[in-house]
Amino acid sequence: MSDDVNAGDKHGKTALMRAAEEGRPEAVQALIAKSANVNAKDEYGWTALMRASLRGHLEVVQLLIAHGAWVHVKTDEGWTALMRASLTGHLDVVQALLAQGVDVNARQDNGATALFWASQEGQLEVVRTLIAHGADVNAKTNKGVTALIIAFNRSEDEVVKLLKEAGAKEEIPRG
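Numbered per this note's numbering, the sequence shown finishes at 1308, counting up by one with no gaps.
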């Protein structure tokens, strides 16, 4: 890798992305001090914030946001930092992102939302938090699958119960 702080590897992953993914706030701070681009994307559209969110590194997430990381950006497939944190159940990161005003109902290219991913993985407290912040419990993927359907199919009974209490409709997708 070159001396350029923003140089990426063969996939475009920068030193800042690597430090964020590994949860190393001191390294993140040092790279930012050397003018690392907090909004650089790799070849798939991933940013340092998305990598830190996926891994649940709250301190790094907060540091990146404080230095101007875009919280609304999407990957090439439409993933957001909120979706990644929701999928992996990192409630503190989900709360930090929601506090920044991210769109709780943002959709991937396939129509999936953060609530869909949290429901699929049985992330009960994340599901509860997303609902409290206005997540659409009846949002459907492009194939007509809702958070309720995916939670039911994955035997996530507590999530199913919570979604029903929040008004999720029991509809079977067609097609």
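In this text, a Cβ means the ideal position worked out from N, Cα and C, and glycines have one as well. Since the model is a prediction, treat every value here as computed from it, not as a measurement.
Boundaries (first-last residue) of the alpha helix (DSSP H) holding residue i
i: residue 1157; result: Run containing residue 1157: none; DSSP gives neither H nor E here.
i: residue 1240; result: No alpha helix (DSSP H) holds residue 1240; DSSP gives it neither H nor E.
i: residue 1262; result: 1257-1265
i: residue 1217; result: 1214-1221
i: residue 1173; result: It is not in any alpha helix (DSSP H) - residue 1173 carries neither H nor E in the DSSP assignment.
i: residue 1192; result: 1191-1199
i: residue 1179; result: Unbroken run through residue 1179: none, as it is neither H nor E.
i: residue 1250; result: 1247-1253
i: residue 1209; result: Here residue 1209 belongs to no alpha helix (DSSP H), and DSSP marks it neither H nor E.
i: residue 1226; result: 1224-1232
Beta-carbon separation (whole angstroms), residue i vs residue j, contact threshold 8 Å
i: residue 1219; j: residue 1259; result: 5 Å
i: residue 1244; j: residue 1213; result: Going by Cβ atoms, the distance from residue 1244 to residue 1213 rounds to 14 Å, so no, they are not a contact pair.
i: residue 1152; j: residue 1161; result: 5 Å
i: residue 1168; j: residue 1230; result: About 25 Å; that fails the 8 Å criterion.
i: residue 1257; j: residue 1291; result: 5 Å
i: residue 1281; j: residue 1301; result: 4 Å
i: residue 1216; j: residue 1179; result: Not confirmed; about 12 Å, so no contact.
i: residue 1237; j: residue 1263; result: 6 Å
i: residue 1270; j: residue 1296; result: 6 Å
i: residue 1206; j: residue 1226; result: Not a contact, Cβ separation roughly 16 Å.
i: residue 1284; j: residue 1253; result: 7 Å
i: residue 1181; j: residue 1166; result: At roughly 14 Å, the Cβ-Cβ gap does not stay under 8 Å, so residue 1181 and residue 1166 are not in contact.
Residue i - partner residues in DSSP beta bridges
i: residue 1141; result: 1147
Chain C contact for residue i (CB, 9 Å cutoff)
i: residue 1269; result: This model lacks chain C altogether; it includes just one protein chain.
I'd like to know if the region 1168-1176 and the region 1186-1194 are in contact, where contact means that at least 3 CB-CB pairs between them fall below 8 Å.
no
Alpha helix (DSSP H) runs wholly inside the region 1269-1293, at least 4 long, in chain order:
1280-1286
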